[in-house]
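What follows is a short report on a single structure.
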Amino acid sequence: MRDNAVYKKPLVIVAARIHEVLEQKLQLEGCEVVHLSQFTNAAMEPYLPLATGIVFASGIAINETLLQQAPLLRWVGRLGSGMELVDMEAAEKRNIAVYNSPEGNCLAVGEHALGMLLNLLHKISISYESIKEGKWIRDANRGTELSGKTVGIIGYGHTGRAFAKLLMGFQVKVLAHDKYKTGFSQDHVSEASLQNVLDESDVISLHLPLTDETYHYAGMSFFQQLKGHPIFINTSRGEVHDTNALSYALESNLISGAALDVLENESLSSYTVEEQQQLQFLMQQKNVLITPHIAGYSHEASYKMSHFLAKKIRF
13 MRDNAVYKKP LVIVAARIHE VLEQKLQLEG CEVVHLSQFT NAAMEPYLPL ATGIVFASGI
73 AINETLLQQA PLLRWVGRLG SGMELVDMEA AEKRNIAVYN SPEGNCLAVG EHALGMLLNL
133 LHKISISYES IKEGKWIRDA NRGTELSGKT VGIIGYGHTG RAFAKLLMGF QVKVLAHDKY
193 KTGFSQDHVS EASLQNVLDE SDVISLHLPL TDETYHYAGM SFFQQLKGHP IFINTSRGEV
253 HDTNALSYAL ESNLISGAAL DVLENESLSS YTVEEQQQLQ FLMQQKNVLI TPHIAGYSHE
313 ASYKMSHFLA KKIRF
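Counting from 13, one number per residue, gives the positions in the sequence shown under the numbering used here.
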């Protein structure tokens, strides 16, 4: 860190990869920008005493400890949607504005969810793996059409709505459930109770934030209530589903497949023996797809998240 006297402009810590549209906004507002090479709380510590703003993504925790080290902090900006990284109560006590940009990557998440769903229904990856093994298998790889199915969406925020919009061209019925929203039925989307979603869906897709309330939301009780053996999709946060319960649901044919862009623990190098066994089981299932939390990580989303954040931040 440079000598304190050098920072004559408002100091902003950037602990994420940002698009130049946000960089330009920070400079236009007369900010001194420090780009961290490591996106961790420890890397921020030398700059916190003088920081007036922080831009961050994953790997950072805006918690009480950090805020105590940042007496000049006026705002924090989250690239993306997940606010589980911010102690909102502590930020509010210090009158620190909190911004995020869920509009920026919701379409990318919706497209990814749709892509994984179509992949499973039409057995695209399974067929390709067979061909790589020199096997030309048709009957066992016969696909199932999405059209005419009922898709349940749990969580009807930006990503849930984006996914629903993409489904319009498939002549599906969408049942959307959101505990904190009402009155959003329109076109092919019907507002539904959770029980309706669990009873009637051929596909269930989670679009929930991670909170105390949604931790292990899709647990044993959730899966045991399912009626139609749906495909289960989670592109939100890994801890929203219980991996043990999910594995049980697959083994017991309570679900016909799973598409996961997120895992409970995404640091594979830190896995316990039990976690390794869980992941190994999932990877051995032909009706399971797993991607490395890339649903909202498109090139376009990189720009849009910075763009929306730049529009929201008040200096």
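By construction, the Cβ of each residue, glycine as well, lies at the ideal position given by its N, Cα and C atoms. Note that this is a predicted model, so its numbers are computed, not measured.
Check whether the Cβ atoms of residue i and residue j lie closer than 9 angstroms to each other.
i, j, result
"Gly-155", "Ser-213", "no"
"Val-252", "Tyr-283", "no"
"His-170", "Pro-114", "yes"
"Leu-275", "Gly-250", "yes"
"Glu-312", "Ala-120", "yes"
"Asp-273", "Ala-307", "yes"
"Leu-294", "Leu-238", "no"
"Leu-179", "Ser-202", "no"
"Gly-92", "Gly-127", "no"
"Ala-125", "Thr-247", "yes"
"Leu-301", "Leu-132", "yes"
"Val-209", "Lys-161", "no"
"Ile-25", "Leu-48", "yes"
Which one of the options has the shortest CA to CA distance from residue i?
i, options, result
"Lys-191", "Phe-175, Glu-104, Ala-176 and Leu-220", "Leu-220"
"Ile-267", "Ala-322, Lys-144 and Gly-231", "Gly-231"
"Lys-135", "Tyr-315, Ser-314 and Glu-157", "Glu-157"
"Ser-70", "Arg-90, Pro-61, Tyr-59 and Leu-84", "Arg-90"
"Ala-27", "Ile-108, Lys-20, Ala-63 and Lys-21", "Ala-63"
"Arg-173", "Asn-153, Glu-312, Asn-299 and Ser-217", "Ser-217"
"Ala-109", "Lys-298, Arg-86, His-305 and Gly-92", "Arg-86"
"Tyr-168", "Gln-39, Leu-262 and Leu-206", "Leu-206"
"Asn-299", "Ser-248, Gln-288, Phe-244 and Trp-148", "Phe-244"
"Ser-264", "Trp-148, Glu-286, Arg-150 and Gln-297", "Gln-297"
"Thr-223", "Gly-94, Thr-247 and Ile-72", "Gly-94"
"Leu-34", "Ala-322, Arg-326 and Ser-310", "Ala-322"
"Ser-233", "Ala-261, Ile-302, Pro-242 and Val-215", "Ala-261"
"Ser-159", "Phe-182, Gly-122, Glu-145 and Tyr-309", "Phe-182"
"Glu-44", "Ala-54, Asp-199 and Gln-36", "Gln-36"
"Phe-196", "Val-184, Asp-211, Lys-177 and Leu-210", "Lys-177"
"Gln-50", "Leu-60, Leu-38 and Ile-72", "Ile-72"
"Ala-204", "Gln-290, Ile-166 and Val-215", "Ile-166"
"Phe-68", "Thr-52, Lys-105, Ser-281 and Gln-236", "Thr-52"
"Asn-353", "Lys-20, Gln-288 and Ile-25", "Coverage of the chain is limited to positions 13 through 327, which leaves residue 353 absent and any answer about it impossible."
"Tyr-309", "Arg-29, Lys-20 and Leu-84", "Arg-29"
Identify the continuous alpha helix (DSSP H) that holds residue i and give its terminal residues.
i, result
"Glu-312", "311–324"
"Asp-172", "Note that residue 172 is Gly in the sequence shown here, rather than Asp. It spans 170–178 - the alpha helix (DSSP H) in which Gly-172 sits, taken as one unbroken run."
"Leu-78", "76–80"
"Ala-55", "53–56"
"Leu-329", "Any answer about residue 329 is impossible in this case: the structure gives the chain only from 13 up to 327."
List the endpoints of the continuous beta strand (DSSP E) containing residue i.
i, result
"Val-45", "44–47"
"His-300", "Correcting the residue identity first, residue 300 is Val in this sequence and not His. It spans 300–302 - the beta strand (DSSP E) in which Val-300 sits, taken as one unbroken run."
"Leu-187", "185–189"
"Thr-334", "Here the chain covers residues 13 to 327 and nothing more, so residue 334 does not appear."
"Ile-72", "No beta strand (DSSP E) holds Ile-72; DSSP gives it neither H nor E."
"Ala-28", "Careful: Ala-28 lies outside any beta strand (DSSP E) and carries neither H nor E."
"Ile-306", "That residue, Ile-306, is in no beta strand (DSSP E); it is neither H nor E in DSSP."
"Gly-164", "162–166"
So that I know if they touch, is there some Cβ in chain B lying closer than 9 angstroms to that of residue i?
i, result
"Ala-174", "Protein chain content of the structure displayed is limited to a single chain, and chain B is not contained in it."
>> List, from N- to C-terminal side, the alpha helix (DSSP H) runs of 4 residues or more that fit wholly inside the segment 89–150.
In response: 100–105, 114–133 and 136–144
>> With three or more C-beta pairs closer than 8 angstroms as the rule, is the segment 135–150 touching the segment 306–323?
In response: no
>> Does the contact criterion of 3 or more C-beta pairs under 8 angstroms hold for the segment 98–109 versus the segment 69–89?
In response: yes
>> For the segment 53–67 against the segment 190–206, do three or more pairs of beta-carbon atoms, one drawn from each stretch, fall closer than 8 angstroms, so that the two count as touching?
In response: no
> Can you give, in chain order, each stretch of the beta strand (DSSP E) that sits fully within the segment 213–285 and has at least 3 residues?
Replying inline: 215–218, 243–246 and 269–272
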